Each structure stands twice: as structure tokens, then as C-alpha cells.
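> Protein chains in written order, with the working numbering: chain A, 1 to 65; chain B, 1001 to 1219; chain C, 2001 to 2219; chain D, 3001 to 3204; chain E, 4001 to 4204; chain F, 5001 to 5246. There's a structure below that I have some questions on.
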Amino acid sequence: MIWASMSDFLDMGGYGFYVWGSYLVALVCIAGEIILVFNRKRTLLRHLSLIHQSTKQEKRNETAS
Amino acid sequence: MFLWIIQRDLLLAMRRRSDVLTTLFFFVIVVSLFPLGVGPEMNILRTMAPGVVWVAALLASMLSLGRMFASDHLDGTLEQMLISPQSLSLLVMGKALAHWLVTGVPLVLMAPVLGIQYDLPGDALLVLTASLLLGTPVLSLIGAIGAALTLGLRGGGVLVSLLVLPLYIPVLIFGAGAVEASAAGLGAGAHMSLLGAFLLASLVLAPWTAALSLRISME
Amino acid sequence: MFLWIIQRDLLLAMRRRSDVLTTLFFFVIVVSLFPLGVGPEMNILRTMAPGVVWVAALLASMLSLGRMFASDHLDGTLEQMLISPQSLSLLVMGKALAHWLVTGVPLVLMAPVLGIQYDLPGDALLVLTASLLLGTPVLSLIGAIGAALTLGLRGGGVLVSLLVLPLYIPVLIFGAGAVEASAAGLGAGAHMSLLGAFLLASLVLAPWTAALSLRISME
Amino acid sequence: MLEGNNLECVRGDRRLFRDVNFSLEAGGLMQVQGPNGSGKTSLLRMLCGLATPAHGEIRWNGAEIRALGDGYYAAMTYLGHLGGVKDDLTAIENLRISSALGGVEIDERKAHDALQHMGLGGRELLPAKVLSQGQRRRVTLARLLVCGTVLWILDEPLTALDTAAVKLMQGLMEQHLEHGGMIVMTTHQEIEITAVATQRLQLA
Amino acid sequence: MLEGNNLECVRGDRRLFRDVNFSLEAGGLMQVQGPNGSGKTSLLRMLCGLATPAHGEIRWNGAEIRALGDGYYAAMTYLGHLGGVKDDLTAIENLRISSALGGVEIDERKAHDALQHMGLGGRELLPAKVLSQGQRRRVTLARLLVCGTVLWILDEPLTALDTAAVKLMQGLMEQHLEHGGMIVMTTHQEIEITAVATQRLQLA
Amino acid sequence: MAINWFKYSSPASFYFLAGKMIPLFSIAAIVLCAVGLYIGFFVAPTDFQQGEAYRIIFIHVPAAWMSMFLYVIMAMWAGIGLAFNTRLSSMIATAIAPTGAMFTFLALWTGALWGKPMWGTWWVWDARLTSELILLFLYIGFMSLQAAIDDPRRADKAGAMIALVGVVNIPIIYFSVKWWNTLHQGASVSITQSPKMATTMLTGMLIMSLACWMYAIAVVLIRTRAVILERERHTAWVGELQGAAR
Ligand code: HEM
Ligand SMILES: Nc1ncnc2c1ncn2[C@@H]1O[C@H](COP(=O)(O)OP(=O)(O)OP(=O)(O)O)[C@@H](O)[C@H]1O
Ligand SMILES: Nc1ncnc2c1ncn2[C@@H]1O[C@H](COP(=O)(O)OP(=O)(O)OP(=O)(O)O)[C@@H](O)[C@H]1O
Ligand SMILES: [Mg+2]
Ligand SMILES: [Mg+2]
């Protein structure tokens, strides 16, 4: 193990801000992208099921009348 | 009514989300072009920085002036505004404010990042942002006058620059001056209070003047 | 037919004499704004000069891109061009050429005067003018692609900058580089021949690409 | 009451008309007629205060319209050649905004109903740029359903409309006149509108 | 001969029409009819090659129009909703340039005569922006007098025209048909055009 | 083995195929990332020149590489879509752009955070850095253009034009290195020369790059699925999908 302690690890030989700043932002970006892309799909699916329902409704009305 | 106009213009801007972004990126790109043309020496760049950022902000704000009235003019909405039972100055004020929200605010938020690229020290960054915050609304307000006067003239896009740039110059000088003064260790207070005075004056005078210009252009 | 298009666009430009003048004045004003923002030291200004002049030329040419197709689009002329029994690439080439005659040529003629303001030595002035002469047609040609792609999109004026500026960058680097190289006593030959190559390449490729883009935009 | 006294219109070096006099009472319809370029649009723009007559004056309830300003504008709706329809907004947004500009703020529901009535049901949420010419025109005209003003000034309201829509407009105008409204309009199409008092103003 | 086979048009998420078939011979007139938004303009733009049908094909003298390209364009004139009239140019310049674009270069004299014939005598040298709506329309239509093409595709050519001009257009179209031309047109106004073969295409 | 490629080039079958592949790539990405980070932070020794700051390399270099690769791949798919009118390839191009822009941003950000301790400044205008910035603009231009166009077919084609034209720009800017005095590290990984850095560092970097590849593929597949659904929402198979989901 090259790190003596947790705080040593976090300090990164004095460069903690830069190193962790990089990895943190990378994490945020990746997490953000994943959330966004799943959100996009979820709202889309909700939208689609609404459309689907309304078209089914229309069809039923047509056959009824 | 005032709120209606702002809301409407913001709605239009949101419908075209790209509009807001593109003004911003125009700003970013212009600022980033200079080092390409001038070369990468940091010392020169640092001296240029306030001037370049301010000129870019000015151009970005100016270029989007065309949008302020032109499309309303083309499709006849502006006619309707003139014969609307609302105060025209207020309408114009609303449009200028919406313009600032869409073009000015993003620039102000972006400026520190660009300042860092030019290696400006921390307090100069602060002054740069503050000066832009005071200065960009002035640009939108003065711009409204120019946009109103050049309405419907083709080549208006460039004509408006011609009319408006001379009026922008004091803002530019004191805006960039504030940053330079603070970088040189002199306080930026005097410059800032002048910018504030410009802002007040243009808030009072510009909407009225622009409304008058609109009436003239539409006659 | 090619000649017809050029003649027509020039006629339109003449009908609006102000158009030509305003692009030119925009160029002049931008170049003159920088000393105001940056401060009056001659040494710094001299180093900045090629970059500033080139960036201003680039902006001036870019800002007038909107006019290249937009008005033809709005009033339906462009539809007529698409269904005209002429080659569309040739039509586009004509329009780009007309654009250059109206915006590029005046800039080239004006540049030496502005160079003198920045205290550039004589041969640097010569190189500046020559590099602009080679470079500005490239700007018009590349610009035609951007203008065609953003046709009818609102906020197009700024979107087109976003698309086109990254493509302008090589021209800017080598154009300003040529002047700097000659000021530094190295020959400008390599830069100039690269600019020439850009010009040839864009003459061959750009009209075709822009024509394709036009068809895409009008679908 | 809308009155025009000795109106004269000069455009460029051409005098389009002179000595035009009329007076329009509640329930009255005035059809301005004349060939292309005879000055109908010019006259209508004068009546809105968008252009100044070379000579003569226009009075609304006895007072000059220029002097009245907003008081006049609150009583009048003008629909010109240009629709004032924004390509990027939906039909509903267009209607709400244009009527707010005219001084009447309406909610979504009401805008929706007005558009429905104009035959745009199901298209309320499309951006206006994809609408057909006639549909755009209908969006513009829908304002008449919600504006609540007395005086309507309509410049060729029927262009691009199909026969069903023309009939609709006809009904709408008749209803407005019945309720004591006033209409000044131009059109090149044949249209019969029953009104208490119809006058035709013929421009050379 | 112009033929459409099984044409289908989809705009956004709406199918405007499908299975549209027609064939137009020399001297034939086709009136495309239908309420607002039924797809008339969309159909006409397809016939010009400005839009691609979702399905089906359009043939000119037996060959697909896309494949023909310029050969087709040289035989056709399309006048759409938009006039292609430049505000800053005079009527004469507008006409000369638009017909040059269409492949026919005409001299001043000829342009002058065409405009005169369209009732724009004395206005040839005014910039188009000061013309009235109807006069602008006439400038656009003047192209038909000089184009010399066989197939005319006209989208609501009669909007903004006064009765005299409508009559003029009627005569012009009849003459064109007599000489073996073909016309596809839409209009919401009543117009009687005598032709060898008139067909009406009704869009839902 | 004859694979019926046409089968997979239809959006519908690609949708299902991608659905099956996503978990594979996601797991691979997570595992590789864990291994890479472990090597990067616990195995690789301290650099004698840069101290611990060099550990940014494990994210910086993969991000920088991905940013460039993804652009070229995006342009390629867009070009195929334009040339052969295959909708699926255009959709993939559309789906790649945001991920590419994200990596470009990361390369810039991590580079800036690295530059401050190493060069004493957040940013210099040297060729490598500038070209990376321009790459970001190209991505943004592509995305804004597509966002500004409502009609998806037109958006695809217009986007393809600008992506392809933008490719021309990349080598030009890249070669402008000659005209600039550069602070940035040159290529230290190359096939001909023996690696200049410690093997553990190199392995860590390569494994992280692989992890980024896997991640990019997974996210692009997910986004492509979303784009497919958006574009094909009126087709029968999407309707059935909904019927099945009910
Ligand atoms: C914002 C600033 C920076 C940007 C945009 C940037 C961009 C890039 C790019 C595009 C690459 C890949 C190029 C290639 O493979 O040849 C790269 C690789 C690399 N960068 Fe940076 N960089 C930045 C700052 C830094 C800093 C400050 C350092 C270290 C002092 C650094 C060290 C490296 C190293 C070691 C490589 C790997 C080179 C190789 O092995 O091929 N970068 N960077
Ligand atoms: N500057 C000018 N010089 C000469 N004539 C002008 C000028 N400006 C306008 N005109 C003429 O004034 C008239 C304007 O008419 P207006 O638009 O009011 O006509 P209109 O009756 O509405 O016609 P339409 O039925 O075609 O709409 C036109 O005949 C036009 O030629
Ligand atoms: N993106 C879209 N989504 C939904 N509907 C659309 C879209 N684009 C166009 N439409 C519809 O397609 C039709 C276009 O019709 P078109 O312009 O061809 O009509 P038209 O027959 O010429 O009508 P008009 O008589 O009004 O000129 C309209 O009904 C419009 O609402
Ligand atoms: Mg009129
Ligand atoms: Mg139509």
C-alpha cells in the first residue's frame, strides 16, 4: 500500500484539490449524462403510452359510432 | 402587460433554446479567436484581456439586436403593438429587459471563465464580472434605440452597429477601464459608479426614445 | 446565368448602397475599438495589429452572411432557384462571389489604412493586404455553406457564426501568421501558399457543398 | 361613431384619393372597394392611426384619434395583410399573446375554445410555421372572437380562407354588427353581410 | 404529360392524403380543391420536386421528375404563395430577374410590355415595396406572359387580385390551354375556365 | 457465418439488439473502471517530477482520446447516413454527439486542473489545447444545428454536412502545432518507441481508456434507443412495444 493513511490519500501530496477536482467533476459529468439519458427515455415512454392510450380510445369510439 | 412581453419573449427564446446558447458561444468564440490571431504570449494576452472580453460582449449583444424587433415587424406584431392600448415605452422596456436576460446574463456568467483563460488575477475577474453586470443592460437598452431606428431597413444588421457602436463606446471604455484600474492596483470604484450612472440614465431615457423611434420607423 | 446572379446581387447591393458601406464601417469600427479597450501603448498595438485586423475582417464577413440567402428564402426566390433549369452550384458560386465583391473587396482596400493606424511597417502592410485578398474569398465561400445550412432557422444569425467560425480558424491563423512572419523578418511565402491552397480547395468544394446544403434546407 | 372628413392620401408622387367623407354608426358596416392599388390599405392604416392623412381628420366619438391615443386603441381591433403570427409559437400561444397585446388577457381554455370555433381543433399545439396559409389566417382571425372591441378594421380578412371559413366569418361579422359593433373592411371577394346600415366606399 | 401515381403525403404525424392518382394531358386543367390544410400546397410542392412524396411517384412524359432534373424544370413554371418579389427592385427588374432564373432572358422592352399588359403601366419603375398587395401579385403573375413553358403550377394565383385582374388571368389561362399548355392550380374563389379537359382533384 | 446485416440495420431490430448489448458494455465499463482506478491510485508509484498530481492522467488522457475518436466516428456515421440514406446511422451520429462533447469538456477541465500545478496557469493558448477547444465548438455546433431544426430528416442531413466539413478542420488545426511553441506533452505512447513512462502507469491509463470506451458505447446505445423511439413513435412496432408494456 503506498498511502499511509486516509488523509494522506485525500491530500494527494498536496495536489488533492486538483486531482480530486478532476475526478469529482468527471464523476458528476458521467452521472449527469446517465441521469439525463435515462430521463429522456422515461419521459418519452410516458409520452408514448399516452399517445397509445388515446389512439386506442379513438379506435374504440370509431367502432362504437 | 410588461410581464406579458417579457414572458412572451422568453417563451420565444426558450422555444429556440439554441438562441440563448448561440449568443453565449459567439461570445466565447470571439474571445477565443484573438489568441489565435495574436499569438500565445501570456503577457500580451493578459493586457488585452479586459478589452477583448468587453469588445466581445459588446459585439455579442449588438448582433442579437436584430432579433429584438425585426421578426415582430415582419409578421405584423409590431403594428399591433403600436395600436395596443398599452404604453409603448413599457413594451419596449419589456423587450429590452427580455433581451438582456437572454443575451446579457449568460455573458456575465461566462466572463470569469474566459478571464481565467487569459490568466487574469482573481480580483480583476471579480471586477470584470461586476462591470459586465452593470454594463450589459445599458447595451440592451441603448441597442433598443438602434434596433428601432433601423427597423425594416435592409442591411439593418450592419447599419444598427453603425448607429449603436458610438454610443457603446463610453460603456466599453469605462467597463474595460475598471478592470485595468483594478489590475493596476488603483480602485475600480470611480469607473463602476460611472457605469451605474449610465445604467440609471439609460433606464430612464432609452425606452422612451426607442418607443419614439419605433413610431417614426413604422409611420 | 452565373453573370445574371452576380449582376442581380450587385444591383440589389447598389440599391442599398448603405449595405456595402456598413460592412466596411463595421470593420473599421471594430478595429478602432480595440485601442479604446486595450489602451494606447504602441508596442502592444503593433503586436496585436494583424490579429485584430484579421479577426475584424472575419467578423465583418461573417455578419453579412445572413444576407446571402435569407432574403431570397423569405420572398420565395430561392424556391425558384431550386427549380430553375440552371446548375445550382453555379448559382451558389455566383452568390458567394457577389458576397465577396460586396463585403470582401472593400475590406481588402481598407486594410492598409487601418494597418497604418496600428503603426505597421510598409511590407507588413503589403502582406496584410495580400493575405486578406487571398483569404476573404475563402470566408465568403465557406460562409455560403453555413448560411445554406442555417436557412430559415431563427437565431440563424448567431447559429451561423457557431458553425462557420471553427472553419474560419485556419484562415485566420495563416492569414495573421503571414503578417507576423513577415514582421518578424521570416518570409510569408509558406503562409501565403497555404492560403492559396485553401482558396482553390474552397472554390472547388464549397459551392457544391453549399448547393447540397441548400437542397437539404429547402426540402 | 367613426367619422372621416375630407381625407386625402398621397403616396410618393401620386394622390390616391381626396375628399373622402364617411361616418359610421353603431351597427354599421363600411365596405371599402376599389381596384388594386386604389388606396384601400392606405385608408385603413389611416383609420388605425398607423399613417397620417395628407389632409383631413379622423374622429372617434367626436375626438381626433391622434389625440385620443390609447383610449381609441382600446376600442379598436385592426387585422392587416400581415397576420402577426409567430412561426415558432403554437396557435394557442399566438392567440393569447396577440390578444394580450390588444389589451385582453385570456386563459388557455378560452384561447382553446376560440381556436376550436375557428376550425383549428387538434392543431392548437402545432407551431404556426407548419400550418397552411388558411390555417394561419384563421389563427389571426380568432382574435375577433375574444377581443371584445367595438370597431373592427379588417383588410382583406378572407384571403386564403376556404368556403366554410368564409361562411364562418360572415356569421361572426353579422353577429358583431347585431350587437352594435362597427366594421370597416375591404375584400375583392363577393360576400353578403346583412347589417343595419351597409355603406360602400368606392375608391377610384 | 404529367402523371401522379399513388401519391401519399405525410406532414409531421399527420397523413394528409394517400392514393392520389391523376394524369394530365396537353390542354388539360387540373383544379386541386379542398378545405384549408387539406394538403393542396403540399401536393403542388411535390409536383415541383420541392418536396418528396412519402410514397408514390410523379412522372413527366413517362420519366420520374427527380431523374429528369433540369429537363423538367425547363418545361415548368411554379408560382407559390410567396411571390419572389424583391422589395428593393423595381417591377421591371423583378420580372427580368425572375424570368432569367426560370431560364428565359428577356429585354427591358418585353418586360415593360408584360407589365403593361398586367395593368401595371406607369408603375414599372417603382420599387416593389411601395406597391399594393394586388400589384405585387401582378408582378409575380407577369412571368406567365413571358416564360414560354408548357406546365404551369399555380398556388392560389388569384389572391389579392381585383375582379379586373381575375378576368385577365382567366383569359390568360384559357389561351395557354388552347395552345396545348397544362395547368395545375388551386383556388378558393369561384372561377370558370374553359378547357379541353378539366378535372377536379378533391383532397379530403 | 453469414450475418444478415440488413436485419440489424433496421431501427426496430437494432433497438432490441442494443437492448441486449447494453448490460454487457455497462458491466465491462464498471469492472474496467474499478480495476483502472485501483491501479491508478494504489499500484502506480508517485512520479518523481510531478508528485501525485500526475494521477490526473488516468482520466485526462482517456477523455482526450475519446473526444477525438468520437468525433471521427460521429462524422463517419453521419456521412454514411447522408450517402446511403440509412436512418439508423444518422441516429447513432446524433446519439454520439453529447457523449463526445462531454469527454471534450472533461479533457479540457482535467487538463486545466493539471495545468495549474504543473505550468502555473489554468490555460495556455498552445496548439493542443486550442484544438481541443475548437473540437468542443464543433460538437456544440453540430448539436445546436440539429436542435434548431424540427424536421428530423433535415436535421440529420444538415448535421452530417457540418460534421463532415468539420472533419476537414481537425487535421489542419492539428498540424498547426508547427507554428506554435507548445507546452503540452507530445505523444508519449507510440508503437515505434518504447514507452517513456512506468509500465504500471501505462497499464492504468490503457485500462481506463478501455473503460471509457465501454462506457461511451453503453451510453450511446442507450441514447440511440431513445432517439429511435422518438423518431419511430408512429410505427406499428413501437405501438406493439407499448401494448406489451401495458
Ligand atoms: C486544458 C488543458 C489540456 C488539454 C485540452 C489537453 C488535451 C489533451 C489531448 C487532446 C490529449 C491527447 C493527445 C494525444 O494523444 O496526442 C492529451 C494527452 C495528454 N495530456 Fe493533455 N491537455 C491539457 C493539459 C495537460 C496538462 C496540464 C498535462 C500535464 C502536465 C497534460 C498531459 C498530457 C499527457 C501526458 C497526455 C498523453 C500524451 C500521450 O501519451 O499521447 N495535459 N491532452
Ligand atoms: N412612393 C410611392 N410612389 C408612387 N406610388 C406609390 C408610392 N407608395 C405607394 N404608392 C402607390 O400607392 C398605392 C398603395 O395602395 P394600397 O396598398 O393602399 O392599395 P390597395 O387598395 O390596398 O390595393 P390592393 O387591393 O392591391 O391591396 C399603390 O397604387 C402604389 O403604387
Ligand atoms: N409537422 C406537422 N405536424 C402536424 N401537421 C402538420 C405538420 N406540418 C404540416 N401539417 C399540416 O399539414 C397541412 C399542410 O397543408 P397545406 O399547406 O398543404 O394545405 P393547403 O391545402 O394548401 O391549405 P390552404 O388552403 O390553407 O393553403 C396542414 O393541415 C398542417 O396543419
Ligand atoms: Mg391592400
Ligand atoms: Mg395552401
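Glycine residues also receive a C-beta, built at the ideal position from the N, C-alpha and C atoms. All values reported here derive from a predicted model rather than from experimental measurement.
Can you tell me where the alpha helix (DSSP H) with D:E3025 in it begins and where it stops?
Neither: D:E3025 is in no alpha helix (DSSP H) and is coded neither H nor E.
> Any beta carbon from chain E within less than 8 angstroms of C:I2083's own beta carbon?
True, the Cβ-Cβ gap to chain E drops below 8 angstroms.
> Specify, as a first and last residue, the run of the alpha helix (DSSP H) that E:Y4213 falls within.
Missing from the structure shown is residue 4213 of chain E; chain E here goes from 4001 to 4204 and no further.
> With distances taken Cα to Cα, identify the nearest neighbour of E:I4097 among C:S2032, C:W2100 and C:R2008.
Here the closest residue by C-alpha is C:R2008.
> What residues match up with B:T1103 in a beta bridge as DSSP calls it?
Paired residue(s): none; B:T1103 is not in a bridge.
> Rounding to the nearest angstrom, what Cα-Cα distance links C:H2099 and D:E3108 in this structure?
For C:H2099 and D:E3108, the distance between alpha carbons rounds to 46 angstroms.
> With DSSP as the reference, please indicate the residues paired to D:E3064 in a beta bridge.
For D:E3064, which the question treats as bridged, DSSP gives the partners D:R3059.
> How would you call C:R2067, buried or exposed, if buried means at least 16 neighbouring beta carbons within 10 angstroms?
Buried, because 16 or more other Cβ atoms sit within 10 Å of the Cβ of C:R2067.
> Can you tell which of D:L3089, D:R3014, D:D3019 and D:R3011 has its C-alpha closest to the C-alpha of D:E3003?
Closest option to D:E3003, Cα to Cα, is D:D3019.
> Around the Cβ of B:L1003, are there at least 16 other Cβ atoms within 10 angstroms (buried) or fewer (exposed)?
Classification of B:L1003: exposed, given that the 10 Å Cβ count is below 16.
> For E:G4180, which of helix, strand or coil comes out of DSSP?
Three-state result, E:G4180: coil.
> DSSP three-state call for D:T3140: helix, strand or coil?
Three-state DSSP puts D:T3140 in a helix.
> Which residues of chain E have a Cβ atom closer than 8 angstroms to the Cβ of D:G3037, listed in chain order?
Those are R4123, L4131, S4132, G4134 and Q4135, listed as they occur along chain E.
> So, under 8 angstroms CB-CB, E:V4150 and E:M4182 are touching, yes? Tell me the CB distance rounded to an integer number of Å.
That belief holds up - the Cβ atoms of E:V4150 and E:M4182 are roughly 6 angstroms apart, short of 8 angstroms.
> Are C:G2104 and C:S2131 closer than 8 angstroms when you measure CB to CB?
Against a cut-off of 8 angstroms, the Cβ pair of C:S2131 and C:G2104 comes out as no contact.
> Output the distance between the C-alpha atoms of C:L2165 and C:D2123, rounded to the nearest integer angstrom.
So the alpha carbons of these two residues sit roughly 28 angstroms apart.
> Can you tell me the Cα-Cα spacing of E:Q4133 and B:M1218, whole angstroms?
For E:Q4133 and B:M1218, the distance between alpha carbons rounds to 18 angstroms.
> Between D:N3005, D:Q3031 and D:T3077, which lies nearest to D:I3193 when the distance is taken from Cα to Cα?
Selected option, being the one with the closest Cα: D:Q3031.
> Is there at least one Cβ from chain F nearer than 8 angstroms to A:R46's Cβ?
So, not an interface residue.
> If I measure Cβ to Cβ from D:M3046 and keep anything under 6 angstroms in the same chain, skipping five residues before and after, which residues do I get?
Counting only Cβ-Cβ distances below 6 angstroms, and skipping sequence neighbours, we find P3053.
> Indicate whether the contact test is met: 3 or more Cβ pairs, each with one atom in the segment 4125-4140 of chain E and one in the segment 4086-4095 of chain E, closer than 8 angstroms.
Counting Cβ pairs under 8 angstroms, three or more are found: they touch.
> What alpha helix (DSSP H) runs, 4 residues minimum, are completely inside the segment 5110-5148 of chain F?
List check, alpha helix (DSSP H) in window: 5127-5148.
> Got a sec? Which residues, its chain only, sit under 7 angstroms from B:A1049 by beta carbon, not counting five neighbours each side?
Hits under 7 angstroms: G1115, Y1118 and L1120.
> Beta-carbon of F:T5200 versus every beta-carbon of chain A: anything under 8 angstroms?
Cβ-Cβ to chain A under 8 angstroms: no for F:T5200.
> Would you say B:W1004 faces chain D, with C-beta separation under 8 angstroms as the test?
Yes, B:W1004 lies at the interface with chain D (some Cβ there is under 8 angstroms from its Cβ).
> So which residues of chain D does B:M1218 contact, with C-beta pairs closer than 8 angstroms?
Simply L3050.
> F:W5109 CB to nearest chain A CB: under 8 angstroms?
Output row for F:W5109: interface = yes.
> Cα separation between F:M5143 and F:G5159?
So the two alpha carbons sit approximately 8 angstroms from each other.
> List the whole-angstrom C-beta distance separating C:L2151 from C:A2070, where the pair is believed to meet the contact cut-off of C-beta under 8 angstroms.
Between C:A2070 and C:L2151 the Cβ distance is about 7 angstroms, and since that is below 8 angstroms, they are a contact.
> Let me check one thing: in DSSP terms, what residues is E:I4153 bridge-paired to?
DSSP lists E:Y4078 and E:V4184 as partners of E:I4153.
> State the start and end residues of the unbroken alpha helix (DSSP H) segment that holds D:E3116.
Residue identity differs from the one stated: residue 3116 of chain D is Gln in this sequence, not Glu. First-last of the alpha helix (DSSP H) with D:Q3116: E3108 to H3117.
> Quick one: grab the DSSP three-state call for E:N4005.
Of the three classes helix, strand and coil, the one that applies to E:N4005 here is strand, per DSSP.
> Check each residue of the segment 4059-4091 of chain E: if its Cβ is closer than 8 angstroms to any Cβ of chain C, include it; give the result in chain order.
Residues D4070, G4071, Y4073, A4074, M4076, Y4078, G4080, H4081, L4082, G4083, G4084, V4085, K4086, D4087, D4088 and L4089.
> Checking the sheet assignment: what are the DSSP bridge partners for F:D5047?
In the DSSP output, where bridge partners are listed per residue, F:D5047 has F:G5051.
> What in chain D is Cβ-close to B:G1076, meaning under 7 angstroms?
Near B:G1076 (Cβ distances below 7 angstroms), the residues of chain D are G3080, L3082, G3083 and G3084.
> Find the nearest neighbour of E:R4143 within the set E:Q4199, E:L4079 and E:H4176, judged by alpha-carbon distance.
Comparing Cα-Cα distances from E:R4143 to each of E:Q4199, E:L4079 and E:H4176, the minimum goes to E:L4079.
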